[in-house]
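Scroll down for the structure; my scribbles are underneath it.
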Amino acid sequence: MPGDSRRAFLRGVALAGGGVAVLPAATTRAAAAAAAPAPGSAPVVIRPGDRQFPDLNWGSNQRWVGSPETIQLISSADQAQAAVQRAVDSGTAFAVRSGGHCYEDFVSNRRVRTVLDLSGLNRVGFDEARRVFTVEPGARLGDIYRTLYRQWGVALPGGSCPTVGAGGHIAGGGYGPLSRRHGLIVDHLWGVEVVVVDRAGRASAVVATRERDDPNRALWWAHTGGGGGNFGVVTRYLFRSPGVTGTSPADQLPRPPSEVIVATVTWSWSDLDEAAFSRILRNFGRWYEANSSPDSPYATLFSQLKPQHAAAGSFSMTTQIDASVPRAGALLDSYLAAVNEGTGVRYRVDERRTISWLHAATQWPGFTGTDTTTRFKGKSAYMKRGFSDANLRAFYRHMTRTDYAHPASLVMITSYGGRINTVPTADTAVPQRDSVLKLHYVSFWTDPAEDAVHLNWVRSLYRDVYAATGGVPAPGPDTDGCFINYADADLADPVHNTSGIPWHELYFKAGYPKLRTAKAQWDPKNLFTHSLSIQAA
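Take the sequence shown: its letter number 420 is residue 420 in this note's numbering, and every next letter is one higher.
In structure tokens:
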């Protein structure tokens, strides 16, 4: 909504208690292929029976397919506010989707009658008056990176999957290959524009910023890791790094490297016994214990070790490092040698080359992967230290099970720490600020008849790895809970979470009461709800 319509929207933004936001008129340079719709235009509405309906009725996880009466394709903030008001007035249960990468049934479930699809609300621009970059929730990460980098030479330290939508990714505190150097994506979030619904059922648009005197600051804070689908409909995210000066757009966000050295190495399962496999994982964890300070020469190194079930025949590790840092190639050599040290086996170098950062962020398959659109189950963990002997025994046992031989079952063990861990725990809703690894347990499959067997593998592996802390990565000296963007409804189910540790403690720790207070203020009718939604205080 550039130009006059955007300025009118900002001048009319309602604040809590009936006030009006006093903001400078926004002069936004948009960088989107499509122009914003005219004020007052209606969204495209898709219904069952329409040709487009099957394509729009599921996200990336085909375990979840809903049965909504309408799917509304929202392409402006005005449309979002009007759609929310119609749903509230009619008593229609609704849910919001941006990129469709939700792991659970937050959007695609039988309760939801209307889906507000924000994929058309996808513009990226720069607001000169407020010195902030503007990102709409339907913009996909790959397009955001291309626009920010090609037009202004800057970047956001977000995720590595280019098809993920900004909406939920940012609200959950997204991370990615630039995070060890530049922190989480929410560490650069200056503000949010959100459609909320008050106790009387009136939908209004609110701007909330990190400024200390902003009366809506709690709503901004809730979007720095509280997760999507909780407080309202985000219509724009506003970004500016803390402490920056000057007026040039190029000074407002981090500048990524021009080029990176990427490498993929592979170990063959035929070469590995339990001792060698365990040594690789142990080396990986210990290396990050020793090399995760923000001023480390390895601060720009990002890596994923991806042990797969032995049925795959092999597993790999992908790595990138800023090609411009002193002795970048030698640093990479040292890292690869450290991970393999003492194993008694050789790895195969599948790829090692220098490519542009933008290519690495948007197209190189080492981290970007593909949009699988399969059935899958995911789980997560933060680790403050490397792996214990018990952890490693559980990994090896489940990765080599002969009663379960599925090559698309794996754990992505990702480097973490660095600049992420310099932010005080309470500054954002992401409380995990002293971990060095982040783990993503996942299995992919296509046949619905196989759901039970794959779910059982993921759940049993996860339970056994963390058996010492009740089957979950409890906050403590070694592990530090879970990542809300890898949403796992099992944690709220006493059948699967028998640890006695509430799901919200695993995700939000001591920040949960503050999220509950924000929920009570900004969603008093509990309209934005799902199986892991914040419960009002």
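Beta carbons: idealized from backbone N, C-alpha and C, even for Gly.
Note that the coordinates shown come from a computational prediction; the quantities given were computed from them, not determined experimentally.
Reference residue i, options the options, closest by Cα
i: Arg140; options: Val197, Leu118, Arg130; result: Leu118
i: Leu253; options: Arg236, Asp271, Phe133, Gly176; result: Phe133
i: Gly476; options: Leu506, Val495, Arg346, Tyr486; result: Leu506
i: Thr319; options: Arg397, Gly344, Gly313, Ala299; result: Ala299
i: Phe444; options: Arg63, Ile534, Ser241; result: Arg63
i: Trp503; options: Lys379, Asn61, Leu178; result: Lys379
i: Gly548; options: Tyr441, Pro48, Ala93; result: Since the first and last residues shown for the chain are 1 and 537, residue 548 lies out of range.
i: Ala537; options: Lys514, Tyr441, Asp89, Trp152; result: Lys514
i: Asn340; options: Ala311, Gly366, Phe277; result: Phe277
i: Pro43; options: Arg419, Pro162, Leu73, Cys161; result: Leu73
i: Val411; options: Thr147, Pro137, Arg217, Val458; result: Val458
i: Ala77; options: Val112, Ile355, Ala218, Thr235; result: Thr235
i: Val325; options: Asp295, Ala82, Ala222, Glu274; result: Asp295
i: Tyr466; options: Tyr486, Leu439, His454, Leu178; result: Leu439
i: Thr58; options: Tyr103, Val45, Asp89; result: Residue identity differs from the one stated: residue 58 is Trp in this sequence, not Thr. For the residues Tyr103, Val45, Asp89, the minimum Cα distance to Trp58 belongs to Tyr103.
i: Pro162; options: Gly100, Phe302, Arg110; result: Gly100
i: Ala312; options: Arg113, Trp267, Arg282, Thr422; result: Trp267
i: Gln363; options: Ala222, Asp143, Arg47; result: Asp143
i: Asp273; options: Phe528, Tyr396, Thr422; result: Tyr396
i: Arg130; options: Leu238, Ala405, Phe508; result: Leu238
i: Glu128; options: Gly174, Ser314, Val107, Pro249; result: Pro249
i: Asn122; options: Val164, Tyr175, His188; result: Val164
i: Tyr486; options: Ser90, Ile170, Gly125; result: Ile170
i: Gln81; options: Asp434, Leu148, Ala203, Gly344; result: Ala203
i: Arg346; options: Gly329, Ser356, Ser314, Trp357; result: Ser314
i: Lys509; options: Pro242, Tyr441, Thr428; result: Thr428
i: Ser108; options: Pro54, Trp357, Tyr404; result: Pro54
Exposure of residue i, with buried meaning 16 or more beta-carbon neighbours within 10 Å
i: His359; result: exposed
i: Ala26; result: Residue confidence is low: Ala26 scores 41 on pLDDT, short of 50, so the model does not pin down where it sits. Its coordinate-derived value is still stated next. Result: buried.
i: Gly66; result: buried
i: Gln79; result: buried
i: Asp350; result: exposed
i: Arg180; result: buried
i: Thr402; result: exposed
i: Ala394; result: buried
i: Ala310; result: buried
i: Thr354; result: exposed
i: Asn216; result: buried
i: Thr247; result: exposed
i: Arg240; result: buried
i: Glu136; result: buried
i: Val262; result: buried
i: Pro424; result: exposed
i: Gln432; result: buried
i: Arg422; result: For the sequence presented, residue 422 should be read as Thr rather than Arg. Thr422 comes out exposed.
i: Asn456; result: exposed
Cβ distance (whole Å) where residue i is taken to contact residue j below 8 Å
i: Arg210; j: Gly191; result: 7 Å
i: Pro307; j: Met399; result: 6 Å
i: Thr224; j: Val96; result: Contact doesn't hold; Cβ gap of about 18 Å is too wide.
i: Val260; j: Ser316; result: 17 Å between Cβ atoms; not a contact.
i: Asp251; j: Lys384; result: Between Lys384 and Asp251 the Cβ distance is about 34 Å, and since that is not below 8 Å, they are no contact.
i: Phe483; j: Ser160; result: Going by Cβ atoms, the distance from Phe483 to Ser160 rounds to 14 Å, so no, they are not a contact pair.
i: Thr114; j: Ala87; result: 6 Å
i: Leu551; j: Leu305; result: With the chain running from 1 to 537 in the structure shown, residue 551 is simply not present.
i: Ile185; j: Gly174; result: 5 Å
Contact test: residue i Cβ vs the ligand SAH heavy atom, cutoff 8 Å
i: Gly165; result: With respect to the ligand SAH, the structure shown offers nothing to examine, as it has no ligands at all.
Alpha carbon of residue i to alpha carbon of residue j, nearest angstrom
i: Ala520; j: Asn526; result: 8 Å
i: Ile71; j: Asp271; result: 51 Å
i: Ile321; j: Asp333; result: 11 Å
i: Ser499; j: Arg51; result: 46 Å
i: Ala555; j: Tyr512; result: Here the chain comprises residues numbered 1 to 537, so residue 555 is not present and cannot be evaluated.
i: Val196; j: Thr517; result: 15 Å
i: Thr414; j: Ser41; result: 44 Å
i: Gly183; j: Arg419; result: 5 Å
i: Leu116; j: Trp269; result: 46 Å
i: Pro256; j: Gly49; result: 46 Å
i: Gly201; j: Ser60; result: 32 Å
i: Ser98; j: Pro68; result: 16 Å
i: Asn391; j: Gln85; result: 50 Å
i: Arg111; j: Thr245; result: 48 Å
i: Ala468; j: Tyr416; result: 23 Å
i: Ala449; j: Leu219; result: 43 Å
i: Pro406; j: Arg463; result: First, the amino acid is wrong: residue 406 is His here, not Pro. Distance between the alpha carbons of His406 and Arg463 is about 19 Å.
i: Tyr382; j: Ala205; result: 35 Å
i: Ala492; j: Ser531; result: 8 Å
Residue i - partner residues in DSSP beta bridges
i: Ala205; result: Val195
i: Asp322; result: Val260
i: Phe133; result: Phe126, Phe239
i: Arg348; result: Thr266
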